[in-house]
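Protein chains in written order, with the working numbering: chain A, 1 to 742; chain B, 743 to 857.
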């Protein structure tokens, strides 16, 4: 609590330091001699980055600036004015119409926070930072709860980490990139998304099915690209404080600075901590780990539009220490307590350079380079897992046209180098591996600007352990009518499976590990290879003067080879190459509708048919709900004169029954988990452009799994298991947070 | 041998990339009358589909149409003529009255202002 009080105090101090404001009203006089209030006028201090926009009644309020007293008024269709303000605290301005010197377009329609385009060839959903705010807590892995394209599940009862899935497949089958650099992979597969603080994210692009070949061959069921805050676009200072009823504290601080007319920098600081201990289900184990962590990111942006150059340089470091296991202090144990620690640190650096020929705008060149080192040391009872990955990635991309801009192409080279060092399990078996690959790609896109577009790409990669191979991918879009669009995609993907890193929950069990095949290049196993194809149809409609749309998706992933992770036998976990069929078929129907100008409604039904050949038979994937139903309502009141507003958000999730692998302690479920309902909600009060408070609850329907840790009395025995998790472990969690933009 | 493959992928692209020095490729900016997004779409679509036109971008606010085209394949006057035939005035060619009249309401640039 102390932590929280200190933060509140800090905020109050900052608040009282805050500058004084100049306020006023902006209007113009029309041809009929009436005075009309002007909305959307940009008001900013000359040669400074401080700027505001007038509201629908023409009111504005801008902090006084010491360095200048010249205020600029700018609006589309009006003459720009520069006014010397002097000591005034209030100033009303009258603009003059001017239709000859227009130099800026201001569009002021509220955008949907999740956007699906009719015109993009690929099935891409764009998620804005505003949408991310709806899931107030806290990192990217927790931010998909209001998004029907991605499912979130829990991987084990010890670490509480959430796993994302798309089209019925787990996150290792997704290519997760950060600004088009492959990021959450290898050693960071399980925790990677949880190490990206939500407030750092500017937007996310989710591609369903086969995407582009540009970022590599690894994506199988889809791609998620995360765009982080850019120095040029962000507010000068941003502060966010969060506290949950389960004792979690989060602090975010962003500082944005202009270094010269071309160079901007941003510092992003994030800290989190939870030292409170909860065991609400009385199994002797902590319901969530205690942790301490911080992330630092400093990036520079060079923008030289005259010469067509944009460049980024970023340096980043994160550290996170988690502790979980038995609550030794409160249990009077006669044996050794089962404890777990996961300590991670990671350093990232990247450099990007983009050049657009100012005379030939369709020609551009991009270069990027990234280095990271990821280090995880962990133990779970007497089992051990350490992994270190050094990674280097570079790519070069060239864009141009063939004939005219209806025919574009992208071509380039990628090079990647990964060096893994692992120490696995109680006997500390050492696995070392180096993956090197160089690849070239060519992607052609055609758009007739009307009803047809396509993206056809192929890449050829030479990989030291996967071999040399082609990866072809095709996306087609056909839009026969204004509001009807069909999309088809087909393409292949492959990856080297990091079996221990991807399935780390194995160490929080007493299961013995069986590695069955012994001749392949990865732990004796072969690379995974699959073909993904799918069809999507979207139909827009207008009902009661409000827009809506229906989307129907059907995607199939067919595995040529897969590493079968077999939990079927109690007390053991086996990894082996697929011998037979494996597929994931996903069907989704989604309805989006704006009930009124202030209410948006989203609903989705999803059916997953994910089956593969196990040694024990052809079965549905365990812990994968066959059916899911999702509903989200968001409401926002109109902004009043002072920019005050209410926002409300409510999500309903129905999770269908899931097949459970056999375990004697779960026999009462008869092999299938019960279906259940999850409810989340959030309320935000916007006090001004600069200050807002939010309050929310997760799992407010209070559904939890009764006995999440099996054989918790004998954590060192072979029947001990914390991975057969189908529902939340934590009862309703309430949280409160503050956001401050200065 | 296989590295040659990757290399080939890459170098083929540069065949296309030296258009800058090509004397036939001309950059030009002309005024085209119009007022809205629909005008923009009509002007750009009509222009880019002409043989020899590589790039066309029309700005609503300035009414400037930026063009890059191959002067061997098409003359600027024929581009202007084509745009006029779609209903948009250029400096040299004016749109036929009947075509202009048939444009959607929002595109009537002679009577409405930029929106």
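Don't be surprised by glycine CBs; every beta carbon is placed ideally from N, CA and C.
Predicted, not measured: the structure shown is a model, and the values here were computed from it.
*Hey, is residue 795 (chain B)'s beta-carbon within less than 8 Å of any beta-carbon in chain A?*
yes
_Helix, strand or coil, according to DSSP, for residue 167 (chain A) in the structure here?_
Coil at residue 167 (chain A), not helix or strand.
_Assess contact between the region 524-540 of chain A and the region 552-562 of chain A, defined as three or more Cβ pairs (one per stretch) separated by less than 8 Å. Is contact present?_
yes
*asked:* 8 Å is my cut-off, CB to CB: does residue 109 (chain A) come that close to chain B?
replied: Confidence at residue 109 (chain A) is low in this model, with a pLDDT of 39, below 50, so its placement is unreliable and the value that follows should be read with caution. Residue 109 (chain A) does not count as touching chain B.
*Just to confirm, does residue 526 (chain A) get its C-beta within under 7 Å of one of the non-hydrogen atoms of the ligand SAH?*
The ligand SAH is not among the ligands present in this structure, which contains no ligands whatsoever.
*Comparing alpha-carbon positions, which option in B:790, B:848, B:807 and B:831 lies nearest residue 407 (chain A)?*
In terms of Cα proximity to residue 407 (chain A), the closest of B:790, B:848, B:807 and B:831 is B:790.
*Please compile the residues from chain A whose C-beta is within a distance smaller than 7 Å of the C-beta of residue 810 (chain B).*
Against residue 810 (chain B), the close residues of chain A are 360, in the order they occur along the chain (beta-carbon pairs closer than 7 Å).
*Compute the Euclidean distance between the alpha carbons of residue 515 (chain A) and residue 713 (chain A), then round it to the nearest angstrom.*
28 Å
*Are residue 367 (chain A) and residue 411 (chain A) closer than 8 Å when you measure CB to CB?*
no
*Who are the Cβ neighbours of residue 139 (chain A) in its own chain at under 8 Å, not counting the five residues just before and after it?*
193, 194, 195, 196, 197 and 198
*asked:* I'd like the list of long-range same chain contacts for residue 333 (chain A), defined as Cβ closer than 8 Å, with 5 residues on each side in sequence excluded.
replied: 326
*Compare the C-beta of residue 706 (chain A) against all C-beta atoms of chain B and say whether one is closer than 8 Å.*
no
*Does the beta carbon of residue 824 (chain B) sit closer than 8 Å to a beta carbon anywhere in chain A?*
no
*Within 10 angstroms of the Cβ of residue 29 (chain A), are there 16 or more other Cβ atoms? Answer buried if so, exposed if not.*
exposed
*Would you report the Cα separation of residue 127 (chain A) and residue 345 (chain A), rounded to the nearest angstrom?*
28 Å
*Say whether the region 583-590 of chain A touches the region 598-617 of chain A, bearing in mind that this needs 3 or more beta-carbon pairs closer than 8 Å, one atom from each stretch.*
yes
*From residue 688 (chain A) to residue 643 (chain A), what distance separates their C-alpha atoms?*
5 Å
*Could you spell out the range, first to last residue, of the alpha helix (DSSP H) harbouring residue 840 (chain B)?*
839-844
_Contacts that residue 806 (chain B) makes with chain C (C-beta to C-beta distance below 8 Å)_ = Any reference to chain C falls outside this structure, whose protein chains are A and B.
*Shortest alpha-carbon distance to residue 561 (chain A) belongs to which of A:529, A:544, A:592 and A:508?*
A:529
*asked:* Short of 8 Å in beta carbon distance, which residues of its chain neighbour residue 434 (chain A), apart from the five on each side in sequence? Order them along the chain.
replied: 417, 418, 419, 420 and 464
*Please check the pair residue 155 (chain A) and residue 340 (chain A), which I expect to be a contact at CB under 8 Å, by giving their CB distance rounded to whole angstroms.*
Contact doesn't hold; Cβ gap of about 14 Å is too wide.
*Taking just the CA atoms, how far does residue 473 (chain A) sit from residue 208 (chain A)?*
13 Å
*Residue(s) in a DSSP beta bridge with residue 456 (chain A)*: A:444 and A:474
_Contact list for residue 401 (chain A) against chain B, beta-carbon separation under 7 Å_ = 796
_For a cutoff of 8 Å on Cβ pairs, would you count residue 787 (chain B) as touching chain A?_
yes
_For residue 566 (chain A), the three-state DSSP class (helix, strand or coil)_ = strand
*Give the residues of chain B in contact with residue 405 (chain A), contact being defined as C-beta atoms less than 8 Å apart.*
790, 796, 797 and 798
*Does the beta carbon of residue 734 (chain A) come closer than 8 Å to any beta carbon on chain B?*
Not one chain B Cβ lies under 8 Å of residue 734 (chain A).
_I'd like to know whether the C-beta atoms of residue 576 (chain A) and residue 517 (chain A) end up nearer to each other than 8 Å._
yes
*Can you give the Cα-Cα distance for residue 647 (chain A) and residue 283 (chain A), rounded to whole angstroms?*
Distance between the alpha carbons of residue 647 (chain A) and residue 283 (chain A): 39 Å.
*Determine, using beta carbons only, whether residue 466 (chain A) comes closer than 8 Å to chain B.*
no
*With 8 Å as the threshold, decide whether the Cβ of residue 449 (chain A) is near any Cβ in chain B.*
yes
*Spatial neighbours of residue 321 (chain A) in its chain, beta-carbon cut-off 6 Å, leaving aside the 5 residues before and after*: 292 and 343
*Looking at residue 475 (chain A) and residue 146 (chain A), is the spacing between their C-beta atoms short of 8 Å?*
Contact annotation: residue 146 (chain A) and residue 475 (chain A) have beta-carbon atoms that are not nearer than 8 Å.
*So, is residue 776 (chain B) buried or exposed, given that buried needs 16 or more other C-beta atoms within 10 angstroms?*
buried
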